[in-house]
Amino acid sequence: MSRHQPGSAFTNQAPPVHFPHWRGRVYAILGLLVALGVAMIFTTAVGSVQIPFSTTWQILLSKLPLVQVTPTWPGTLETIILEIRLPRVVLAGLVGGALSLAGATYQGLFRNPLADPYLIGVAQGAALGAVVGFLLPSPWHNMGFGIIPLLAFVGALISTAIVYTLARVGKTLPVTTLILAGVALGALLGSVVSYLIISSGEKMHGIIFWLMGSFSLSQWSEVKVVLPYVVVGVVVILLYARPLNVMQLDEEQAQQLGINVERLKLILLAAATLITAAAVSFVGTIGFVGIIIPHAVRLIWGPDHRFLLPLSVLSGAIFLILADVIARTVLAPMEIPIGVITALVGAPFFLYLLRRRRRIIF
Amino acid sequence: MQDVCLGYGRKVVLKDINFRVMPGEMVGLIGPNGCGKSTIIRALSRIISPHSGKILLDGKDVSRVPRRDLARLLGVVPQMPLLPSVFTAFEVVLMGRNPHLGLFQYEGPRELAITWRAMEKTGTHSLAERRVSELSGGEIQSLLMARVLAQETKAILLDEPTANLDIGRQVEILDLIRDLCRENSLAVLAALHDLNLASQYCDRLVLINNGRIQAEGTPREVITPRNIKEVYGAEHCVYTHPINGLPTVLLKAGNSQSADMEERGA
């Protein structure tokens with residue numbers, strides 16, 4: 001029965017539209033994967049000691065299994081590439097991808113374009129943990145394991161858990177209550193952090209530097225700690241891309257379309273909080289990536305989470321890798337806090353995108 | 363529905379609601395504003411749970427069916443829903459396939475074909491690439507019909523499917539619903555506030571008033587002068603349709619109860 005278009009030619013056929021769109025977005029994912037690889041090699045080559053791209057490439061290749069490259073370079077270069085620059089680049093990529101994905105998840109889950117990974121208290125919790133870590137007497141800092149990242153991670157999880165518990169109404173978790181509880185607790189923790197900073201004396205510089213974010217102390221050991229959290233969190237969130245699309249209707253409709261809304265919220269909040277906490281614990285609360293990258297991706301490739309989420313991971317990783325290379329080279333040997341760079345470089349680019357595509361994006 | 367009491371919090375809105383909808387049958391839910399039509403729809407789709415009593419769907423207690431399974435049996439066309447303005451019409455209809463897909467599945471050609479056919483049936487396929495924010499109220503209503511078709515359920519609940527539509531569009535949508543109901547033997551329950559449309563299209567009507575069922579039966583049995591006066595306070599307004607003899611409500615100015623009382627007082 002086709003009341004409006006009798007004898008339509010399309011019946012029982014796949015729709016003639018939409019595949020081009022989807023194909024374009026799949027190409028975009030592949031393209032960004034390649035770009036990520038290129039960005040990693042490029043940024044590994046750049047630094048205070050200039051190393052030719054060909055040498056960088058060969059050093060990296062030589063470490064891959066099944067590849068035989070005869071070393072023609074001094075061992076110090078290999079150390080610089082593999083032990084100093086590469087872990088830093090990898091960590092920047094992990095953190096960028098994690099923050100950007102967490103931002104996209106919160107924005108989708110809360111149906112709120114202003115949501116960022118720090119919306120429900122992660123940043124302030126992490127900051128408080130880190131500041132407490134800074135202020136602890138020196139014996140605490142010689143435990144072989146970084147006490148500051150540990151406390152930052154724990155602080156982030158505890159503050160989110162508090163926000164979550166406060167915001168619950170019976171068996172449900174209303175989104176507005178959650179955001180308000182997050183903002184209120186964030187303000188409370190933020191003022192405690194400010195007080196501690198003011199009274200911290202000579203440690204103030206280190207604390208402020210941490211708060212603005214830096215990759216200057218990146219090592220493989222840190223990558224190893226962050227990696228599992230980020231991988232697990234990213235996989236979980238990507239699996240829920242389609243339900244997240246349906247959540248863009250209201251919660252009632254999502255339930256009527258077979259989604260267990262409360263469970264979905266719990267899973268996605270837990271995953272996004274975990275990757276955010278893991279990301280900020282070593283490198284500080286880097287701003288801007290988590291709110292702007294998902295919007296930029298939305299502007300370019302549309303709102304479908306099945307593409308938005310993976311594209312956000314890749315774009316966020318590339319963006320932070322490039323931002324970090326600027327942070328460590330522009331004023332070398334001094335380092336600029338990366339939070340300064342992300343906003344300084346990212347904001348104009350985003351404003352350009354916003355002007356160019358004059359249409360509703362959220 | 364069996365002996366169901368419904369309410370929000372402690373407040374009981376509806377008491378002893380008891381009716382059933384058979385496959386291939388179209389039942390209309392009528393009653394004055396705020397009588398609980400939407401509440402019944404929300405309870406049936408498990409947005410709220412009944413204070414007491416049981417809601418059975420296909421012999422199964424709704425409150426025990428997992429949400430995804432429920433969404434494969436029962437589709438809902440909500441009233442004035444929020445739709446994400448940046449999604450395309452096609453993407454919104456495709457969401458109807460959600461309950462049929464597991465966590466590890468993506469929409470394949472089968473999903474796309476079902477979605478496309480649902481859009482053709484509702485005449486929305488020409489809108490496929492348009493963004494939701496560009497669509498009119500009538501187009502969105504058709505789109506929601508397409509979505510519920512794509513959901514491929516055995517039962518459909520509609521909350522005011524004709525609200526805000528012009529009369530041409532109203533007839534179009536209801537014709538479509540009735541045809542689908544007959545062809546696929548769907549059980550259809552529609553909350554309607556237009557008594558004439560309810561009378562024309564529904565096999566049976568359930569009239570809700572003051573938190574309980576006032577009358578239930580065929581349109582001829584339910585839309586009677588006595589019931590209409592008791593529930594809506596309007597007198598002398600039920601006539602017979604000149605072509606098919608179904609009850610028809612025609613209004614006249616100054617015919618409400620309050621106007622009546624003023625007259626008597628004067």
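If you read the sequences in order, they're chains S and H. Just so you know, the first sequence maps onto residues 1 to 362 in my numbering. Just so you know, the second sequence maps onto residues 363 to 628 in my numbering. For glycine and all other residues, C-beta sits at the position ideal for the given N, C-alpha and C. Just so you know, these numbers come straight off a predicted model, no measurement behind them.
(1) Scan the segment 402 to 429 of chain H for residues whose Cβ lies nearer than 9 Å to a Cβ of chain S and list them as they occur along the chain.
(2) Which class does residue 71 of chain S belong to by DSSP, given the choice of helix, strand or coil?
(3) From H/444, H/597, H/542 and H/518, pick the residue whose C-alpha is nearest to that of residue 419 of chain H; which is it?
(4) Scan the segment 260 to 285 of chain S for residues whose Cβ lies nearer than 7 Å to a Cβ of chain H and list them as they occur along the chain.
(5) Give a yes or no on whether the minimum CB-CB distance between residue 175 of chain S and chain H is below 8 Å.
(6) Is the Cβ-Cβ distance between residue 481 of chain H and residue 454 of chain H less than 8 Å?
(7) For residue 168 of chain S, name the three-state secondary structure that DSSP assigns.
(8) Does the beta-carbon of residue 172 of chain S have 16 or more other beta-carbons within 10 angstroms, so that it is buried, or is it exposed?
(9) If we count the other Cβ atoms within 10 Å of its Cβ and call it buried at 16 or more, is residue 444 of chain H buried or exposed?
(10) Out of S/98, S/238, S/167 and S/192, which has the shortest C-alpha to C-alpha gap to residue 180 of chain S?
(11) Evaluate contact between the segment 547 to 562 of chain H and the segment 390 to 398 of chain H, counting only Cβ atoms and requiring at least three cross-stretch pairs below 8 Å.
(12) So that I know if they touch, is there some Cβ in chain S lying closer than 8 Å to that of residue 499 of chain H?
(13) Taking only the alpha-carbon atoms, compute the straight-line gap between residue 310 of chain S and residue 331 of chain S and give it to the nearest angstrom.
(14) The segment 225 to 244 of chain S: which residues have C-beta closer than 8 Å to a C-beta of chain H, in chain order?
(15) Please classify residue 282 of chain S: is it buried, with 16 or more other beta-carbons within 10 angstroms of its beta-carbon, or exposed?
(16) Could you check what DSSP says for residue 219 of chain S in three-state terms: helix, strand or coil?
(17) Between which two residues does the beta strand (DSSP E) containing residue 416 of chain H stretch?
(18) Short check: CB of residue 122 of chain S to CB of residue 277 of chain S, under 8 Å?
(19) How long is the line joining the alpha carbons of residue 146 of chain S and residue 402 of chain H, rounded to whole angstroms?
(20) Buried or exposed, going by whether 16 or more other CB atoms sit within 10 Å of the CB of residue 603 of chain H?
(21) Looking at residue 600 of chain H and residue 569 of chain H, is the spacing between their C-beta atoms short of 8 Å?
(22) Starting from the Cα of residue 338 of chain S, find the closest Cα among S/212, S/151 and S/193 and give me that residue.
(23) Closest to residue 515 of chain H by CA distance: which of H/503, H/523 and H/548 is it?
(24) So, residue 316 of chain S versus residue 97 of chain S, is the Cβ gap smaller than 8 Å?
(25) Out of curiosity, what's the CA-to-CA distance linking residue 279 of chain S and residue 31 of chain S?
(26) Take every Cβ of the segment 429 to 448 of chain H, pair it with every Cβ of the segment 244 to 262 of chain S, and state whether three or more of those distances are shorter than 8 Å.
(27) What three-state label does DSSP hand residue 66 of chain S in the structure shown?
(28) Starting from the C-beta of residue 203 of chain S, find all residues in its chain whose C-beta is less than 6 Å away, skip the five residues before and the five after it, and write them out in chain order.
(29) List the residues of chain S whose Cβ lies closer than 8 Å to the Cβ of residue 434 of chain H, in chain order.
(30) So, at 6 Å on beta carbons, what are the nonlocal neighbours of residue 411 of chain H in its own chain, with the 5 sequence-adjacent residues on each side left out?
(31) Just the chain S side, please: which residues come within less than 9 Å of residue 445 of chain H by C-beta, in chain order?
(32) Could you have a look at residue 149 of chain S and say whether DSSP puts it in helix, strand or coil?
(33) If we cut at 8 Å on Cβ distances, does residue 304 of chain S have a partner in chain H?
(34) Measuring CA to CA, which of S/48, S/239, S/320 and S/273 is closest to residue 182 of chain S?
(35) By the criterion of Cβ-Cβ separation under 7 Å, what are the contact partners of residue 449 of chain H in chain S?
(36) Kindly indicate the opening and closing residues of the alpha helix (DSSP H) around residue 601 of chain H.
According to the data block:
(1) 404, 407, 408, 409, 428 and 429
(2) coil
(3) H/518
(4) 260
(5) no
(6) no
(7) coil
(8) exposed
(9) exposed
(10) S/167
(11) yes
(12) no
(13) 33 Å
(14) 239, 240, 242 and 243
(15) buried
(16) coil
(17) 414 to 416
(18) yes
(19) 58 Å
(20) exposed
(21) no
(22) S/212
(23) H/548
(24) yes
(25) 25 Å
(26) yes
(27) coil
(28) 134
(29) 258
(30) 425
(31) 248, 249, 250 and 253
(32) helix
(33) yes
(34) S/273
(35) 248 and 303
(36) Note, residue 601 of chain H: premise wrong, no alpha helix (DSSP H); beta strand (DSSP E) at 600 to 602.
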